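Accompanying notes for the structure given below.
In the working numbering, the protein residues as written are 216 to 366.
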């Protein structure tokens, strides 16, 4: 646990859920690009891991209504995922994506990189630096993923 315990308004809960998802997906992109070419190439082991993690985070992730109730009650976002994925989600949430283009707190994005986000002030606590080498071991393939995608 990281000491997160403040109750949130519905708007703040929406923003935190959006931020959490953006961070997780930013990190999965970095995982997929961790190869000799420095690009996402679907044939590499890293890209396949990235693809699985991204799909699993959607598949196992919270449904919006339940997630908002959970966050508005002051519970930690990573608790919305199964135990097997919480350490991964927690790391992604609390640490900046090392690729600026995929970091939601980056204020210096080019104009054509999508909409700017105005984050509530409390989001700034999720700003620890990290590298891919510091990331914990990825979670094992979930049974849900195996059943759905035949991994």
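C-beta: ideal position from N, C-alpha, C; glycine also. What you are looking at is a predicted structure, and each value in this text was computed from that prediction instead of being measured.
For residue 337, there is no enclosing alpha helix (DSSP H), as DSSP gives it neither H nor E. DSSP lists 343 as the beta-bridge partner residues of residue 310.
Under the DSSP assignment, residue 295 falls outside any alpha helix (DSSP H); it carries neither an H nor an E label. Each residue's CA atom was taken as its position, placing residue 299 and residue 354 some 6 Å apart. When secondary structure is reduced to three states using DSSP, residue 357 falls in the coil class, being assigned neither helix nor strand.
When only Cα atoms are considered, residue 277 and residue 238 end up about 15 Å apart. The DSSP-derived three-state label of residue 317 is helix. Taken through DSSP and simplified to helix, strand or coil, residue 225 comes out as helix. Burial of residue 282 is indicated by the presence of at least 16 other C-beta atoms within 10 angstroms of its C-beta. The beta carbons of residue 280 and residue 223 sit no closer together than 9 Å.
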